[in-house]
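Numbering (the numbering used here), first residue to last: 9 to 75.
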């Protein structure tokens, strides 16, 4: 979003990602677009439309550059 990324490791796991690599022998890229204050999986979880649309543009750009 116009800034250099900050690489952090943050909670949560997606066990199927390792299986994809094991079976398909293809690297897996996981991208998260939520913010720390989105209260993931809580009763008052939120996700702004701004972040949603920025995420769509980011994935589209990533795929275009990867291709």
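For each residue, glycine too, the CB sits at the ideal point set by N, CA and C.
What you are looking at is a predicted structure, and each value in this text was computed from that prediction instead of being measured.
Measuring CA to CA, which of 43, 68 and 50 is closest to residue 56? Answer by Cα proximity: 43.
Checking 8 Å against the spacing of the C-beta atoms, do residue 32 and residue 22 come in under that value? In this structure, the beta-carbon distance from residue 32 to residue 22 does not fall below 8 Å.
Ignoring anything shorter than 3 residues or poking outside the stretch 35–68, list the beta strand (DSSP E) runs there in chain order. Within the stretch 35–68, no run of beta strand (DSSP E) reaches 3 residues while sitting entirely inside it.
Going by alpha carbons, who is nearest to residue 41 out of 35, 54 and 30? Closest by alpha carbon: 54.
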